[in-house]
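Engineer: Numbering (UniProt numbering), first residue to last: 1 to 94.
We treat Cβ as the ideally placed atom computed from N, Cα and C, and that holds for glycine.
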């Protein structure tokens with residue numbers, strides 16, 4: 001398996017190069033990114049792939065000094081669970 005970065009997304013491929021998981025994000029402003037979708041192929045669930053993808057977005061936000069809106073339900077659950085993520089959360093949205 002390999003994690004790759006694309007335009008406004010990270011994704012994981014299996015050993016044959018097929019995409020098996022992804023996280024996508026948008027840019028509501030220059031300083032804020034919004035995690036809007038996560039997906040893991042059912043055959044690969046339970047291996048913490050979505051968690052790894054969210055972490056990749058968090059690492060990007062830290063590197064680029066951005067705030068994050070956890071818009072999708074999985075990202076929201078991760079932000080509720082992981083205290084370190086909460087300091088990156090953009091609080092200006094409804």
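1. Let me make sure I understand the geometry here. Which of 42, 36 and 18 has the alpha-carbon closest to that of residue 9?
2. Exposed or buried, what is residue 4 when buried is set at 16 or more other beta-carbons lying within 10 Å of its beta-carbon?
3. Considering only their Cβ atoms, is the gap separating residue 20 from residue 44 smaller than 7 Å?
4. Within the same chain, show all residues whose beta-carbon is closer than 6 Å to that of residue 78, passing over the 5 residues directly before and after it, in chain order.
5. Report all residues from its chain with a CB closer than 7 Å to the CB of residue 18; omit the five preceding and five following residues, and keep chain order.
6. Just tell me which of 71, 59 and 83 has its CA closest to the CA of residue 28.
7. Checking the sheet assignment: what are the DSSP bridge partners for residue 35?
8. Using beta-carbon positions only, say whether residue 40 and residue 50 come within less than 7 Å of one another.
Structural biologist: Judging by the given coordinates:
1. The residue from 42, 36 and 18 with its alpha-carbon nearest to that of residue 9 is 36.
2. Exposed: under 16 other Cβ atoms inside 10 Å.
3. It is a contact, given that the beta carbons lie within the stated cut-off.
4. Excluding sequence neighbours, residue 78 sits near 54.
5. Result list for residue 18: empty, nothing under 7 Å.
6. Of the candidates 71, 59 and 83, the residue whose Cα lies closest to the Cα of residue 28 is 71.
7. Beta-bridge partners of residue 35 (DSSP): 25 and 70.
8. Yes, Cβ-Cβ distance for residue 40 and residue 50 is below 7 Å.
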